[in-house]
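Q:
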Amino acid sequence: MRRVLFSSVFFSLFLFIIFIQLNCGPKEEKEMTREEMIARGSYLVNLGGCNDCHSPKVFTEMGPEPDTTRLLSGHPSDAMLATIDTSMIQPGKWVLTSGTDFTAWVGPWGISYSANLTPDEPTGLGTWTDEVFINAMRTGKHMGVGRPILPPMPWFNFARLTDTDLKAIFAYLKSLPPIHNQVPDPVPPNMTSSISKR
Numbered sequence: 003m004r005r006v007l008f009s010s011v012f013f014s015l016f017l018f019i020i021f022i023q024l025n026c027g028p029k030e031e032k033e034m035t036r037e038e039m040i041a042r043g044s045y046l047v048n049l050g051g052c053n054d055c056h057s058p059k060v061f062t063e064m065g066p067e068p069d070t071t072r073l074l075s076g077h078p079s080d081a082m083l084a085t086i087d088t089s090m091i092q093p094g095k096w097v098l099t100s101g102t103d104f105t106a107w108v109g110p111w112g113i114s115y116s117a118n119l120t121p122d123e124p125t126g127l128g129t130w131t132d133e134v135f136i137n138a139m140r141t142g143k144h145m146g147v148g149r150p151i152l153p154p155m156p157w158f159n160f161a162r163l164t165d166t167d168l169k170a171i172f173a174y175l176k177s178l179p180p181i182h183n184q185v186p187d188p189v190p191p192n193m194t195s196s197i198s199k200r
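One point on numbering: in our numbering, the residue at position 75 of the sequence shown is 77, and numbering is uninterrupted.
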C-alpha cells in the first residue's frame with residue numbers, strides 16, 4: 003500500500019513539474035505579419051509620444067496637435083527659430099526654440115532639431131535598415147555610428163525595448179508616406195549665438 007501511495011505521489015509530482023515546464027516557461031514569440039508589425043509600431047510610436055517632437059503642429063481650440071499632413075517629418079526646413087536666450091546654453095538649462103512646432107531645442111549641447119522619421123530617401127529614414135535603426139536606438143548614435151543623438155530624444159529608453167518592438171516601430175515609420183523635408187544639422191554650442199542673430 004505504501005509503495006502504491008509513494009508511486010502515486012511521485013507520478014503526480016512528475017506530472018506537475020512537466021505541466022509547469024510546458025506552461026510557465028518562456029514563450030516562443032510568434033512571428034508577426036507585416037500588418038501586425040505596423041500596428042504594433044503605430045501603438046508604440048503613439049505611446050512614446052514621438053509626434054510631440056517629430057511632427058510639426060497645427061493649433062486648434064484644444065491647443066497644438068500634430069499636423070496630419072506632415073506626421074513625423076521633423077523640424078520644418080522653412081521654420082524660423084525664435085530668438086535664442088544664450089544664457090540658457092549652460093548645464094542644467096534648456097529651452098524650446100521653434101516657436102509653434104516644438105521641433106527645435108537649445109541647451110548646453112547647442113541646438114538640436116527633430117529628425118525626419120518618414121521614409122523619404124534623401125531627407126528621412128528611407129535608406130535605413132532595421133539593423134541601422136536598432137543600432138541607433140541601442141547606441142544613441144546617428145545611424146548607429148555617427149554623431150550622438152541629442153536631447154531631448156530619449157534614445158536610452160528606446161534602448162531597453164526588444165528587437166521585435168524596435169523592428170515594429172521601424173516598420174511603422176517605413177509605412178508612412180515619405181515627406182521631403184531637409185531638417186537642419188545640429189548646431190554646436192559655440193555656434194549657437196550666431197544662429198540666434200539670424
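From the three backbone atoms N, C-alpha and C, an ideal C-beta is built for every residue, glycine too.
Just so you know, these numbers come straight off a predicted model, no measurement behind them.
Can you check DSSP and say which residues form a bridge with residue 61?
A: Looking up residue 61 in the sequence shown gives position 59. BP columns for residue 61 point to 66.
Q: If I follow the unbroken beta strand (DSSP E) through residue 107, where does it start and stop?
A: For the purposes of this step, residue 107 is identified with residue 105 of the sequence shown, where counting begins at 1. Start and end: 106-109.
Q: On the DSSP letters alone, give me the boundaries of the beta strand (DSSP E) that residue 177 sits inside.
A: As a working mapping, residue 177 is identified with position 175 in the sequence shown. That residue, residue 177, is in no beta strand (DSSP E); its alpha helix (DSSP H) goes 165-177.
Q: Would DSSP call residue 191 helix, strand or coil?
A: For the purposes of this step, residue 191 is identified with residue 189 of the sequence shown, where counting begins at 1. Helix at residue 191.
Q: Out of 77, 125, 42, 62, which one is the CA nearest neighbour of residue 182?
A: Against the sequence shown, residue 182 aligns to sequence position 180. Looking at the Cα atoms, 125 is the closest of the given residues.
Q: Express the C-alpha separation of residue 95 and residue 189 in angstroms, rounding to a whole number.
A: By one-based count along the sequence shown, residue 189 stands at place 187. By one-based count along the sequence shown, residue 95 stands at place 93. Cα-Cα distance, rounded: 16 Å.
Q: Kindly indicate which three-state DSSP category residue 113 falls into: helix, strand or coil?
A: For this step, residue 113 is matched to residue 111 along the sequence shown. Residue 113 falls in the strand class under three-state DSSP.
Q: In three-state terms, what does DSSP make of residue 97?
A: Residue mapping note: residue 97 aligns to position 95 of the sequence shown, counting from 1. Reduced to three states, the DSSP call for residue 97 is strand.
Q: Hey, residue 58 and residue 75 are a contact pair by Cβ (cut 8 Å); roughly how many whole angstroms apart?
A: For the purposes of this step, residue 58 is taken as the residue at position 56 of the sequence shown. For the purposes of this step, residue 75 is taken as the residue at position 73 of the sequence shown. Rounded, the Cβ-Cβ distance is 7 Å, consistent with contact.
Q: Roughly how many angstroms separate the alpha carbons of residue 192 and residue 42, rounded to a whole number?
A: By 1-based counting over the sequence shown, the position of residue 192 is 190. By 1-based counting over the sequence shown, the position of residue 42 is 40. Near 41 Å, if we compare the C-alpha coordinates of residue 42 and residue 192.
Q: When we look at the beta-carbon of residue 72 and count the other beta-carbons within 10 Å, is it buried (16 or more) or exposed?
A: Taking the sequence shown and counting its residues from 1, one reaches residue 72 at position 70. Answer is buried; the Cβ neighbour count reaches 16.
Q: Using CA atoms only, rank isn't needed, just tell me which of 33, 32, 47 is closest to residue 174.
A: Taking the first residue of the sequence shown as 1, we reach residue 174 at position 172. It is 47 whose Cα lies nearest to the Cα of residue 174.
Q: Should residue 82 be labelled buried (16 or more other beta-carbon atoms within 10 Å of its own) or exposed?
A: Your numbering for residue 82 matches position 80 in the sequence shown. Classification of residue 82: exposed, given that the 10 Å Cβ count is below 16.
Q: Can you give me the start and stop residues for the alpha helix (DSSP H) that residue 137 sits inside?
A: Here residue 137 is taken as the residue at index 135 of the sequence shown, counted from 1. That run of the alpha helix (DSSP H) goes 132-141.
Q: Using the beta-carbon count (16 or more within 10 Å), is residue 64 buried or exposed?
A: Taking the sequence shown and counting its residues from 1, one reaches residue 64 at position 62. Exposed, since its Cβ has fewer than 16 Cβ neighbours within 10 Å.
Q: Kindly indicate which residue of 123, 121, 106 has the alpha-carbon position closest to the one of residue 115.
A: Residue mapping note: residue 115 aligns to position 113 of the sequence shown, counting from 1. With distances taken between Cα atoms, residue 115 lies closest to 106.
Q: Give the DSSP bridge partners of residue 78, in chain order.
A: Here residue 78 refers to the residue found at position 76 of the sequence shown. Partner(s): none; residue 78 has no beta bridge.
Q: Please name the residue or residues paired with residue 150 in a DSSP beta bridge.
A: Here the question's residue 150 lines up with position 148 in the sequence shown. 143, per the DSSP bridge assignment.
Q: Applying the criterion that 16 or more other CB atoms from any shown protein chain within 10 Å of the CB defines a buried residue, is residue 132 buried or exposed?
A: To locate residue 132, count along the sequence shown from 1; it is residue 130. Exposed, since its Cβ has fewer than 16 Cβ neighbours within 10 Å.
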